[in-house]
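Trainee: Pasting in a structure now, in structure tokens, and then I'll have a few things to ask.
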Amino acid sequence: MTTSDFGRDAAEYFAGLHYNALRGGGASSEEAARAATTAIKNYLHQSGCSANTIEDIATGLEDKLRARN
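Its first residue numbered 2, the sequence shown is counted upward by one per residue in our numbering.
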């Protein structure tokens, strides 16, 4: 597993937690997926990740979350 794979897996895990909390609070799948993806992108940005890395990790994340239901 590369560092990039680890970063992607961690982002997906934490986005999933955020998504589940929003869905449990009554958000639609679309709203929860968008908000969770945005939250992860903001966290990665604040952590000093480059824009390319953020987009690489976030690519497809919203669709994966939305597909959970």
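Ideal placement from N, C-alpha and C gives every residue a C-beta, glycine not left out.
These figures come from a predicted structure and were not determined experimentally.
Might you give, ordered along the chain, the residues of its own chain that have their beta carbon closer than 6 Å to the beta carbon of Gln47, omitting 5 neighbours on each side?
Mentor: Same-chain partners within the cutoff: there are none.
Trainee: On the three-state DSSP scale, how would you describe Gly8?
Mentor: Residue state, collapsed to three classes: helix.
Trainee: Would you mind working out which of Asp57, Leu45, Gly27 and Ala36 sits nearest Gly17, comparing C-alpha positions?
Mentor: Nearest option by C-alpha distance: Ala36.
Trainee: Could you check which residue in Arg69, Thr60, Gly25 and Asn21 has the C-alpha nearest to that of Gly8?
Mentor: When each option's Cα is compared against that of Gly8, the closest is Thr60.
Trainee: With a threshold of 7 Å on Cβ separation, who are the neighbours of Lys42 within its own chain once the five nearest residues in sequence on each side are excluded?
Mentor: Cβ within range, chain order: Ile55 and Ala59.
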